DNA sequence: CGGTATCCATTTTGATACTG
DNA sequence: CAGTATCAAAATGGATACCG
């Protein structure tokens, strides 16, 4: 490209493709506090349907952010956890949080 | 127990409501390099339709991230720019970029 | 328990065409 | 130039119900 840029848009778009969407961050957030089973996640993410949860978990697993472990107990036990790679998203969560707080404060003042 | 940064999910969701979506970041990114007119943005954001651009600009303006200035020339001149508040998103862009780069690198290695 | 399958409503997007 | 209007298409969301 002709112009030198501090921020490149493509990596931002890439990141957005992976963590964008309604339930991605809530799932990641929930998994930040440790391993979770399907029903635990379903309870944590108020309002999510099993279909949506399945979709988002598969998506995150496919992208290497989440690990899925199956234990052949009766009944079945499945545990989801963040991979180290997924944990790398924490700075993103923090910067989003910071801006979100600022934004809320700003709205309140109006 | 070690002290660790506590992340609240609500501010993250709030932030996502405002900057989530297909064209928000590309617009913000484009405006990072200065004032832009409608057609310039349309050209910068490869593939955006005027309808989508109008929607996202109105949205960003409503949330105080973007300023819209109209000059009553003939033909009409309209300039869009980031407000200081919108510029506060730069750290978010940076952290997303950083993660996105890491992700791309990771994909390439596979 | 940990999901799928199904069906449908709602939203988001897309392609043009057109106006002040 | 800077958008609107319109209509169609596609992706997403939600409510059950059901299966291994």
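Residue numbers (the UniProt record's numbering), protein chains in the order written: chain A, 1 to 110; chain B, 1 to 110. Beta carbons: idealized from backbone N, C-alpha and C, even for Gly. Keep in mind that this is a model prediction, so the values were computed, not measured.
Contact test: residue i Cβ vs the ligand ATP heavy atom, cutoff 6 Å
i: residue 18 of chain B; result: Absent from the structure shown: the ligand ATP. Ligands present: none.
Cβ neighbour criterion (16 or more within 10 Å) applied to residue i
i: residue 25 of chain B; result: buried
i: residue 48 of chain B; result: buried
i: residue 107 of chain B; result: exposed
i: residue 17 of chain B; result: exposed
i: residue 12 of chain B; result: buried
i: residue 27 of chain A; result: buried
i: residue 89 of chain A; result: buried
i: residue 45 of chain B; result: buried
i: residue 2 of chain A; result: Any answer about residue 2 of chain A is weak, because its pLDDT of 41 lies below 50 and its placement is not dependable; what the coordinates show is given next. So residue 2 of chain A ends up on the exposed side.
i: residue 110 of chain B; result: exposed
Within 7 Å, strictly: CB atoms of residue i and residue j
i: residue 15 of chain B; j: residue 100 of chain A; result: yes
i: residue 86 of chain B; j: residue 66 of chain B; result: yes
i: residue 10 of chain B; j: residue 7 of chain A; result: no
i: residue 92 of chain B; j: residue 38 of chain B; result: no
i: residue 53 of chain A; j: residue 61 of chain A; result: no
Listed by chain order, chain A residues near residue i by CB distance under 7 Å
i: residue 104 of chain B; result: 11 and 14
i: residue 80 of chain B; result: Here the premise fails: no neighbours, minimum Cβ distance about 17 Å.
i: residue 84 of chain B; result: Within chain A, no residue comes near residue 84 of chain B; the closest Cβ sits about 11 Å away, beyond 7 Å.
i: residue 47 of chain B; result: Correct list: empty, because the minimum Cβ distance to chain A is about 12 Å.
i: residue 88 of chain B; result: 99 and 102
Same chain only: Cβ atoms within 8 Å of residue i, ignoring 5 sequence neighbours per side
i: residue 81 of chain B; result: 31, 34, 35, 36, 66, 67 and 69
i: residue 63 of chain B; result: 18
i: residue 76 of chain B; result: 70
Partner residues on chain B for residue i, Cβ-Cβ distance less than 7 Å
i: residue 91 of chain A; result: 95
i: residue 101 of chain A; result: 11
Contacts of residue i in chain A (Cβ-Cβ under 9 Å)
i: residue 26 of chain B; result: 9, 12 and 13
Amino acids of chain B, ordered along the chain, whose beta-carbon sits closer than 8 Å to that of residue i
i: residue 23 of chain A; result: Those do not exist, as residue 23 of chain A stays about 10 Å from chain B at its closest Cβ, beyond 8 Å.
Beta-carbon neighbours of residue i, restricted to chain B and to distances below 9 Å
i: residue 34 of chain A; result: None at all; the shortest Cβ gap to chain B is about 12 Å.
Neighbourhood of residue i by C-beta, 7 Å cutoff - its chain only, sequence neighbours within 5 removed
i: residue 4 of chain A; result: Legend: pLDDT at residue 4 of chain A = 44, less than 50; position of this residue unreliable, value from coordinates given subsequently. So the list is empty, once near-sequence residues are dropped.
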